[in-house]
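Numbering (my numbering), first residue to last: 6 to 447.
For every residue, glycine included, the Cβ atom is placed at its ideal position computed from N, Cα and C.
Below is one structure, written out as structure tokens; the observations come after it.
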């Protein structure tokens, strides 16, 4: 247990030692896995390696059911002993990075954040084992796996997903005889009818980043459903934002919402609290936000005596697919230098088994596995199908260099919304910021 103990000491935490049932031997993490174990095999007492110590490191409260399921795995696999170490995100990330660079005292399994600047660094350094053959991979949407993948191989398996959509005053929709829109034309029709009834279609708190969120919510359908490899082509200098028909048309969609008055007035001075008040008072009907804000809208609905719902932002044309903007959680990876890779992969298959996932990720989360249906908040009723089985593309900052989301899709977008710039200039700023960030290694 030297490796795990050293890592835990570095975290200044006590590892949770989970003693294997029925084992008379002290587990050693240098013990070799049995030849019967395979990367994709389901864990069982008859095929499990003997006398293996696995160390797992996780940040914060991720995988809340990990300790409980680790005990269960030990009970089914005599001779396997598991230690779990937890630490705050920043401390966890710094400590793990130091041990990976030194290639000493590295846990067998650990969580990685998605994206080129996170897990991508570890992949390029050769720190991670290929997990492509594991069972859960086939049941996870490619949009959730891509931030953990490179050159067709998967190096991390995400356990939950966040998403952006449109919260709406369901009571108001029912009063106006409106249905949830499923494409761009239907959205414009809904907005027009709301405006005719004296209701501002969207509360749009551009002061607090709603402009960026709206880009994020639109482009999975308008850009990436047509070309999932667009970002890679941008890295390869094969495409540009400013000359891309799909990006330009998305900018035109935003401009149309603005010009029609569907976003309201003085939006650059509107913050989230004021925008939510417009929803509660029935003065506005819809607002773009993420699932992390569900508590705000539960309280809003209760206080205002209304019913709230949520749907995917329909930027798609009729007959074209509607994609969701969804970002994966951290993903579970295996250290490429671990002598216990077979057992570690068996554990991953066990943790991501359909029966175990609800306990692993906890209540209120959405599993990345299409085969797992979690209990859900009623507000999410209209968006559940696409969350569970639909296609998605990650939040743009996951796969992008550091600059464009701030320089173009926040700052320049705010300027365009206020009339001081244009959406064409937003895309020009995105190209400039992208190239600058890539050149500087950010």
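With respect to the 9 Å criterion, residue 173 and residue 313 are classified as neighbours on the basis of their beta carbons. Inter-residue distance for residue 291 and residue 195 is about 11 Å (C-alpha atoms, whole angstroms). Burial state of residue 300 is exposed, judged by a 10 Å Cβ sphere holding fewer than 16 other Cβ atoms. For residue 206, the secondary structure class from DSSP, reduced to helix, strand or coil, is strand.
Annotation: residue 388 to residue 297 spans about 14 Å, alpha carbon to alpha carbon. Counting other Cβ atoms within 10 Å of its Cβ, residue 95 stays below 16 and is therefore classed as exposed. In the displayed model, residue 152 falls within a helix according to three-state DSSP. Taking C-beta separations shorter than 6 Å and ignoring five residues to either side along the sequence, the partners of residue 330 in its chain run 169, 221, 222 and 225, following chain order. Take the alpha-carbon of residue 377 and the one of residue 152: they are about 21 Å apart.
Under the three-state reduction of DSSP, residue 141 is assigned to helix. Residue 275 is a Cβ neighbour of residue 269, given a cutoff of 9 Å.
Taking a contact to require three or more Cβ pairs closer than 8 Å, the stretch 408–415 and the stretch 435–442 qualify as touching. Excluding residues up to 5 positions away in sequence, 295, 296, 297, 331 and 332 lie with their Cβ nearer than 7 Å to the Cβ of residue 167 in the same chain.
By alpha-carbon distance to residue 74, the top candidate from 356, 434 and 418 is 356. Sorting 306, 60, 273 and 199 by C-alpha distance to the C-alpha of residue 282 places 306 at the top. Contact between the stretch 244–258 and the stretch 131–146 is absent: fewer than three C-beta pairs spanning the two stretches fall below 8 Å. By the criterion of a C-beta distance shorter than 6 Å, residue 190 is surrounded in its chain by 323, once the five residues flanking it on both sides are discounted. Runs of the beta strand (DSSP E) lying entirely within the stretch 61–103 and spanning at least 3 residues, in chain order: 85–92. When rounded, the separation of the alpha-carbon atoms in residue 404 and residue 271 is 32 Å. Excluding the 5 residues flanking it on each side, residue 277 has same chain C-beta neighbours closer than 6 Å at 210 and 213, in chain order. Residue 331: member of the beta strand (DSSP E) spanning 329–333, first to last residue. Nearest C-alpha to residue 77 among 445, 408, 64 and 352: 352. In terms of Cβ geometry, residue 432 and residue 391 do not form a close pair [threshold 9 Å]. Spanning the alpha carbons of residue 227 and residue 178 requires a straight line of approximately 25 Å. For residue 337, the enclosing beta strand (DSSP E) stretches over residues 336–339. Annotation: residue 120 is outside any alpha helix (DSSP H) and is labelled neither H nor E by DSSP. In this structure, residue 336 places its C-beta atom within 9 Å of the C-beta atom of residue 116. The beta carbons of residue 361 and residue 369 sit no closer together than 9 Å.
Looking at 249, 229 and 160, the one whose alpha-carbon comes closest to that of residue 338 is 160.
In the same chain as residue 163, and ignoring 5 residues on each side of it, the C-beta atoms closer than 6 Å to its own belong to 149, 333, 334, 336 and 373, in chain order. Residue pairing of residue 174 in beta bridges, as defined by DSSP: 313. For residue 293, the uninterrupted beta strand (DSSP E) run begins and ends at 289–295, by DSSP. Residue pairing for residue 162: DSSP places it in a beta bridge opposite 337. Going by DSSP, residue 428 is part of the alpha helix (DSSP H) stretching over 428–445.
Here residue 201 is exposed, its C-beta having fewer than 16 other C-beta atoms within 10 Å. 9 Å or more divides the Cβ of residue 204 from the Cβ of residue 304.
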